[in-house]
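Going by my numbering, the first residue of the sequence shown is number 1457, and it counts up by one from there.
By construction, the Cβ of each residue, glycine as well, lies at the ideal position given by its N, Cα and C atoms.
Some notes on the structure that comes next.
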Amino acid sequence: MLAIGMLAIGNRHASNRHASNRQEARGMLAIGMLAIGMLAIGMLAIGNRGKRASVLLSNIVLHTGFHLKYQRYRSLVI
């Protein structure tokens, strides 16, 4: 919940005109993304407890690939 809140606050401030706020917002967005990424990796690790590590790694790669693809489309829209 904290990570989602940070992403929301960062997104709102990123649209602000002031450069200092924008820099701060980028940091907030980065921390929020990192927290969500760590949460996702933790959830994948718990979900893959019985499986091999290679399956976990492939899941993480697929997950991050999806996010990178989504970010590319989002930057085109904004």
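- Counting C-beta atoms within 10 angstroms of its own C-beta, residue 1488 has 16 or more neighbours from the protein chains shown and is therefore classed as buried.
- Residue 1486 counts as exposed, since fewer than 16 other C-beta atoms from the protein chains shown sit within 10 angstroms of its C-beta.
- In this structure, the straight-line span from the alpha carbon of residue 1515 to that of residue 1480 is close to 31 Å.
- Here the C-alpha atom of residue 1518 lies approximately 25 Å from the C-alpha atom of residue 1482.
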